[in-house]
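Everything on this sheet refers to the single structure shown next.
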Amino acid sequence: MKAILFRQPGPASVLELSEIPRPQLENPDEVLVKLKAAGVNPIDTKLRQRGTFYPELMPAILGCDGAGVITEVGSEVTQWCVGDEVLFCQGGLGKRSGTYAEYAVVFSHCLARKPQPLSFTQAAALPLVTITAWEALYDRAQLQPGQRVLIHAGAGGVGHIAIQLAKLSRAEVATTVSSTAKAEFVKTLGADLVLNYRETGWQGELLAWTGGEGVDVGFDTVGGATFSETVALVKPYGQVVTLLEPGPETNWKLARRKNLQISFTLMLTPELDNLKSAQVHQAQLLQQAIGWVFSDYLHIEVAKTFPLGAVADAHQFLESGQGLGKIALVI
12 MKAILFRQPG PASVLELSEI PRPQLENPDE VLVKLKAAGV NPIDTKLRQR
62 GTFYPELMPA ILGCDGAGVI TEVGSEVTQW CVGDEVLFCQ GGLGKRSGTY
112 AEYAVVFSHC LARKPQPLSF TQAAALPLVT ITAWEALYDR AQLQPGQRVL
162 IHAGAGGVGH IAIQLAKLSR AEVATTVSST AKAEFVKTLG ADLVLNYRET
212 GWQGELLAWT GGEGVDVGFD TVGGATFSET VALVKPYGQV VTLLEPGPET
262 NWKLARRKNL QISFTLMLTP ELDNLKSAQV HQAQLLQQAI GWVFSDYLHI
312 EVAKTFPLGA VADAHQFLES GQGLGKIALV I
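Throughout, the working numbering is defined as the position within the sequence shown, counted from one, plus 11.
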């Protein structure tokens, strides 16, 4: 089969289109999926730059998101059949092979069912960002109707889903963007207050929107200095959820003074630590989100697609920050 091999850290050009043997089922609860599309995420570019979590297992196949058709099932798999169309988030971290390939072996409990009208490209773009946004806003922050939430980078993969999930919970949403085009995009998703972080004074505009109190929930999808900035914009007894490790400049005294609840969201933990029950939970919430997509309550924006062999171009496009929503590979 064709696959993109990653042999050593470096620029996008290190990703090689190669011919390798088709993977085989190794456990009775696995299925073989013929992939039709794969999502491209920031975690992929970070692993490409610095190396995978398992450098001793190189070369690796990157890609956490996938969608395709089941072509083989293990002896203990009862809920899935050959021909079923599925999507999933599994692999791509250096231990299990990822989705930058024509086939992938997937544990059956990680699968969600793809509705027929949903394209494979949309399906492959959905899992990682949707699970991440869901866990951050619903599981960690437990966002409530009427609360005000600040979502950073609202036009990005996680951000554009987070805006919609927040609106579905009847919260009021402020979000940061970096351009006029991105501002117009997030407005179509329901954002109540759009803040261009390249313009001075946006923090004051946010505080004015909350009557000087600050938001109930701050969702940091950027990390570094943005985390400290978010702490300053959340009201006392509020919540901050972050996807990344706070930087050394973090004002923890202010967070403590305001009695903030700080939460972390890393949706890859179940994959890294082999937590089957957590993987089952993620597949279930993904299935619920798919129902919302099918009912037009939730929209997955695919900014651009690339063929498998042009994965280096896909990485460069993602790193440029130009796109709205997600990027996908068509296999």
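Ideal Cβ placement from N, Cα and C applies to all residues, glycine included.
I'd like the span of the alpha helix (DSSP H) that includes T280, first residue to last.
It spans 280–284 - the alpha helix (DSSP H) in which T280 sits, taken as one unbroken run.
Please report the distance separating the alpha-carbon of G77 from that of I273.
Each residue's alpha carbon lies about 31 angstroms from the other.
When the Cα atoms are used, what is the spatial distance from L129 to A23?
Distance between the alpha carbons of L129 and A23: 30 angstroms.
Are A71 and G105 closer than 9 angstroms when you measure CB to CB?
A contact, by the Cβ cut-off of 9 angstroms.
On a CA-only basis, which of E195, H163, G302 is nearest T253? Give me that one, please.
Here the closest residue by C-alpha is H163.
Using C-beta distances below 6 angstroms, list every residue in its chain close to L255, excluding the 5 sequence neighbours before and after it, in chain order.
Excluding sequence neighbours, L255 sits near G234.
Can you name the residues that DSSP bridges to N207?
According to DSSP, which records beta bridges pairwise, N207 is partnered with V188.
Have a look at L122 and I54 and give me their C-alpha separation to the nearest angstrom.
C-alpha separation (whole angstroms): 20 angstroms.
Sorted by chain position, which residues of the same chain lie with C-beta nearer than 8 angstroms to S86's C-beta, five sequence neighbours on each side aside?
The answer, listed in chain order, is P39.
Could you check whether K287 and V313 sit closer than 9 angstroms to each other, using their CB atoms as the reference points?
The answer is no: Cβ separation not under 9 angstroms.
When we look at the beta-carbon of R18 and count the other beta-carbons within 10 Å, is it buried (16 or more) or exposed?
With fewer than 16 other Cβ atoms within 10 Å, it is exposed.
Going straight from the alpha carbon of K47 to that of Y149, what length do you get?
Taking the straight line joining both Cα atoms gives about 30 angstroms.
From this set, G332, I342, Q293, which residue's C-alpha is nearest H120's C-alpha?
When only C-alpha atoms are compared, the closest one is Q293.
Please classify Q298: is it buried, with 16 or more other beta-carbons within 10 angstroms of its beta-carbon, or exposed?
By the 10 Å Cβ count, Q298 comes out exposed.
Helix or strand or just coil, what does DSSP make of K13?
Residue state, collapsed to three classes: strand.
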